[in-house]
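First up is the structure itself, then whatever we jot down about it.
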Amino acid sequence: MKRKMMLLLVLFLSIPLTTSCWSRREIENIGFVLGIGISKTEAGLYKISLQFANPSTLLSEGSETRKQYSIIESEGLTIFDAFRNTTLIAGRRPYFAHVSAIVIDESIAKEGISKVTGFLVQDMEVRLEPYIFISKLPPNEILDTPNILGAIPSNILETQADNNKSNSKVYVADLKETLEIINNPASNYVTTLVAKVPPPSPNELSMFKLSSIAIFDKDLLVGYLNYEEGQAYNLITNKFKNSLIVYEYYLKNEPLTIEVSKASSKITPRFIDDKISFDIEVDVEGNIAERIPHLGVDQELQVIKVQEQMNKVIEDKLNKAIASAQREYKVDYFNLSGNFFRKYPEEFKEFQDNWNEVFSDCEVNVKVNSTVIHSALNTNKGRI
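Structure follows, in structure tokens:
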């Protein structure tokens, strides 16, 4: 009898420790969302475009790209209302944990993206990894573009964002970084603009292109940077990965390509006599990846001259980008405010509310140190 009572007691005490599937959702009742598009209608309603995966076609060989996904759209007075209205259309409840790309219409970005991104993490299952893209085209058009690679559009956007590290001409922010920056009152946000490249012929399909960096004043879209300015942004902010610097070698005016293997920047803020200035020193290391000598002339490059000219080319690139930020946009999208705050936390409080204006009047000095680690193409015959 005692053994039975002990057994019942153990079973009774173990009940709170057992788990159950009270909140389970059967997989056949879930719609896996891969991409989200957010825009507004002419009437001022929010419009949500969801790209759903079609699992059966994803597993079959030779399935057409368009059949691998479906697009469902809904409208609402608020973003939440528009999202909830998708359940009136979709046969399955949307599941957002696998979203890889979020495309925001340019018009909403100009109004401020904080209300969009804030909602995504407060009331939904979206993780922090999806990349954020701005589009001048309707987001549903981006998400519903059969493409030359035969892949789901949101997956292509994710791959392009990952591959951007090999050129450093644009920069794509993910949702985690987006939230961190727009919730920092002294920082300005940047991400990338995605465009659609028309097919070269009627028998071919379109392609996506990360065309420029979108810059923000806090969370309000104010303009775009071209590829040259994009490289400068990445160099200053320590986001420059393996990329190319191309210029004409001054002796023969021949195109020279330097493959950068390592780049780093050191930003030193100064506060002297109530004046703020910054010294930016950039170290670049690379190798001669390609040269196109004129008329087949076999002439060795002078590596010291190559490095000196590379210093000048990069310094010009950086100075032009800084001048554009200070004079044209009057926005510190390099976020030098963070460097100043870390060194002068008390003084920064005085300038925090109008930092962009302060930045526009700052003196910024640039120095570049280039190193060519080897010259496998020192002559046009490839001799070392």
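The sequence shown maps to residues -23 to -1, 1 to 361 in mature numbering (1 follows the signal peptide of the UniProt record, and there is no 0).
We treat Cβ as the ideally placed atom computed from N, Cα and C, and that holds for glycine.
If you're wondering where the values come from, they're calculated on a predicted model, not measured in any experiment.
Given a threshold of 16 other Cβ atoms within 10 Å of its Cβ, counted over all protein chains shown, does residue i qualify as buried or as exposed?
i, result
"residue 18", "exposed"
"residue 361", "The pLDDT assigned to residue 361 is 37, lower than 50, so where the model puts this residue is not dependable, and the model offers no usable value."
"residue 27", "buried"
"residue 139", "exposed"
"residue -21", "exposed"
"residue 246", "buried"
"residue 182", "exposed"
"residue 180", "exposed"
"residue 149", "buried"
"residue 206", "buried"
"residue 167", "buried"
"residue 146", "buried"
"residue 50", "buried"
Kindly indicate which three-state DSSP category residue i falls into: helix, strand or coil?
i, result
"residue 204", "helix"
"residue 64", "helix"
"residue 346", "strand"
"residue 217", "coil"
"residue 71", "strand"
"residue 104", "coil"
"residue 358", "With a pLDDT of 45 at residue 358, under the threshold of 50, the predicted position of this residue should be treated as unreliable, and no value is reported."
"residue 178", "coil"
"residue 114", "coil"
"residue 324", "helix"
"residue 196", "coil"
"residue 173", "strand"
"residue 145", "coil"
"residue 163", "coil"
"residue 227", "coil"
Rounded to whole angstroms, what is the Cα-Cα separation between residue i and residue j?
i, j, result
"residue 98", "residue 72", "14 Å"
"residue 116", "residue 25", "9 Å"
"residue 259", "residue 288", "9 Å"
"residue 63", "residue 338", "49 Å"
"residue 250", "residue 141", "42 Å"
"residue 238", "residue 227", "23 Å"
"residue 151", "residue 120", "17 Å"
"residue 310", "residue 302", "7 Å"
"residue 195", "residue 75", "28 Å"
"residue 153", "residue 176", "34 Å"
"residue 334", "residue 253", "12 Å"
"residue 55", "residue 257", "44 Å"
"residue 343", "residue 189", "23 Å"
"residue 358", "residue 269", "Interpretation of residue 358 is limited by its pLDDT of 45, a score under 50 that renders its predicted location unreliable; the figure taken from the coordinates is listed afterwards. Distance between the alpha carbons of residue 358 and residue 269 is about 11 Å."
"residue 134", "residue 107", "10 Å"
"residue 12", "residue 330", "36 Å"
"residue 198", "residue 86", "5 Å"
"residue 347", "residue 284", "5 Å"
"residue 157", "residue 92", "14 Å"
"residue 186", "residue 323", "43 Å"
"residue 202", "residue 314", "20 Å"
"residue 242", "residue 155", "22 Å"
With respect to the alpha helix (DSSP H) encompassing residue i, which residues constitute its N-terminal and C-terminal limits?
i, result
"residue 320", "313 to 320"
"residue 246", "Looking at the DSSP string, residue 246 is not in any alpha helix (DSSP H); the run it does join, the beta strand (DSSP E), is 231 to 249."
"residue 293", "280 to 300"
"residue 93", "91 to 99"
"residue 337", "332 to 337"
"residue 158", "152 to 159"
"residue 131", "130 to 140"
Grab the span of the beta strand (DSSP E) containing residue i for me, first residue to last.
i, result
"residue 28", "23 to 30"
"residue 253", "252 to 268"
"residue 88", "Looking at the DSSP string, residue 88 is not in any beta strand (DSSP E); the run it does join, the alpha helix (DSSP H), is 83 to 88."
With DSSP as the reference, please indicate the residues paired to residue i in a beta bridge.
i, result
"residue 183", "124"
"residue 50", "26"
"residue 16", "24"
"residue 307", "Beta-bridge pairing links residue 307 to no other residue."
"residue 168", "191"
"residue 340", "254"
"residue 9", "72"
"residue 222", "235"
"residue 59", "According to DSSP, which records beta bridges pairwise, residue 59 is partnered with nothing at all."
"residue 79", "13, 109"
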